[in-house]
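Quick note: the sequence shown uses our numbering, first residue -5, plus one each step. Beta carbons are placed, not taken as given, at the ideal position from N, Cα and C, and that holds for glycine. The structure under discussion appears below in the form of structure tokens.
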Amino acid sequence: MTEQILVVPRKILFGEKNERLFQGFQKRKNLDFENIVKKHSKFILRKTTSPKQPIPAEQDESMKQIIPYIAFKHKDKYFVYKRLPQSEEERLREKYSLGIGGHINPIDVNSENILLEGMKREFEEEVVYPYDYKTKIIGFINDDKDPVGRVHFGVVFLAEGSNDRIEIKEKDKLSGKMMTLLEAKKFRGKMEGWSQIVFDWLRMSF
-5 MTEQILVVPR KILFGEKNER LFQGFQKRKN LDFENIVKKH SKFILRKTTS
45 PKQPIPAEQD ESMKQIIPYI AFKHKDKYFV YKRLPQSEEE RLREKYSLGI
95 GGHINPIDVN SENILLEGMK REFEEEVVYP YDYKTKIIGF INDDKDPVGR
145 VHFGVVFLAE GSNDRIEIKE KDKLSGKMMT LLEAKKFRGK MEGWSQIVFD
195 WLRMSF
């Protein structure tokens, strides 16, 4: 597979001396990661190599893969979904998620805002929601405690829908429903790592 994905060198993202490094959630207004991503990102091979790229992105901790991560809400309810046993990502099976996320690919370049374009494409690939919604970047996620986290960087979007009629496309692999943060609290311990980070921040902020 020769999929290309958007990355930013770790030293550029966090600084030569890690002066911008953080763990967990960072609010958008605190640091200007958005412009760093736009100015210094590039596409490299995700799982394969080439003469110019001896290490695939999934194994290269000198690079951070940029992942739009979308939390959808309507009024006081958020979309929470569970990965079923048939889910393709084995490590996430039976896990709950507050965010819809995925890599940015070269197809997303045909836009003035590659982050927004990648977010919209990923959202539309995963769910059915033919209604109006507004989006904004609320912050960023970095979690270096495991090998997967060390090669990914989340750009967290909040999508506010005009109604709550959102549906999963791949119902054989995922199941989802709208719920308040209080209702979602009982699933917090079963959420994937990034969703736990976003959930904790939302609980403190809303």
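Cβ neighbours of ARG4 in the same chain (closer than 8 Å, five flanking residues each side left out): Here the set comprises GLU55, SER56, MET57, LYS58.
CA-to-CA distance, ASP166 to LYS179, given in whole angstroms: Approximately 25 Å between the Cα atoms of the pair.
Per-residue DSSP class, three states only, for GLN53: Correct three-state label for GLN53: helix.
Rounded Cβ spacing between ASP158 and LYS76 (contact assumed at less than 8 Å): Between LYS76 and ASP158 the Cβ distance is about 18 Å, and since that is not below 8 Å, they are no contact.
Beta-carbon proximity list for GLY143, same chain, < 8 Å, skipping 5 on both sides: Within the same chain, Cβ atoms closer than 8 Å to the Cβ of GLY143 are found at ASN136, ASP137, GLY187, the five residues on either side in sequence being excluded.
Beta-carbon proximity list for LEU201, same chain, < 8 Å, skipping 5 on both sides: In the structure as shown, the chain begins at -5 and stops at 200. Residue 201 is therefore absent and cannot be evaluated.
Neighbourhood of GLY201 by C-beta, 8 Å cutoff - its chain only, sequence neighbours within 5 removed: Residue 201 is absent from the structure shown; the chain starts at -5 and stops at 200.
ILE64 versus ALA153, LEU168, ASN12, residue with shortest Cα-Cα distance: Across the set ALA153, LEU168, ASN12, the C-alpha of ALA153 shows the shortest separation from the C-alpha of ILE64.
Separation of LYS184 from THR174, as counted between CA atoms: Cα to Cα, the separation comes out at about 16 Å.
Rounded straight-line distance, which links the Cα of GLY96 to that of GLU120: Cα to Cα, the separation comes out at about 10 Å.
Beta-carbon proximity check, VAL192 vs PHE19, cutoff 8 Å: Yes; because the gap between Cβ atoms is below 8 Å, this pair is in contact.
Sequence-distant residues of its chain with Cβ nearer than 7 Å to GLU52 (five each side left out): Non-local C-beta neighbours of GLU52 in its own chain, meaning closer than 7 Å and more than five positions away in sequence, comprise ARG40, LYS41, VAL145, ordered along the chain.
Within the region -5 to 33, ranges of the alpha helix (DSSP H) (whole runs, at least 4 residues): Segments of the alpha helix (DSSP H) lying fully in the region -5 to 33: 4 to 8.
Neighbour-count burial assignment, LYS114, 16 or more Cβ in a 10 Å radius: Classified as buried, LYS114 has 16 or more neighbouring CB atoms from the shown chains inside 10 Å of its CB.
Own chain partners of GLN17 with C-beta closer than 8 Å, once the 5 adjacent residues on each side are dropped: Taking GLN17 as the centre and dropping the five residues before and after it, the same chain places the C-beta of ASN136, ASP137, ASP138, LYS139 closer than 8 Å to its C-beta, in chain order.
Close Cβ partners of ILE38 (< 6 Å) along its chain, the five nearest in sequence each way excluded: The answer, listed in chain order, is VAL1, GLN47, ALA51.
Delimiting residues of the alpha helix (DSSP H) encompassing VAL142: Here VAL142 belongs to no alpha helix (DSSP H), and DSSP marks it neither H nor E.
Closest Cα partner of ASP26 within the set ARG14, LEU168, TRP195: Measuring from the Cα of ASP26, the nearest candidate turns out to be ARG14.
Within 8 Å, strictly: CB atoms of GLN(-2) and PRO79: Not in contact: GLN(-2) and PRO79 (Cβ atoms no closer than 8 Å).
Test item: CB-CB of GLN190 and ARG197 under 8 Å: Taking 8 Å as the cut-off, the Cβ atoms of GLN190 and ARG197 do not count as close.
Nonlocal neighbours in the same chain, by C-beta distance under 6 Å from TRP195, ignoring five residues either side: When the five nearest sequence neighbours on each side are left out, the beta carbons in the same chain lying within less than 6 Å of the beta carbon of TRP195 are those of PHE19, in order along the chain.
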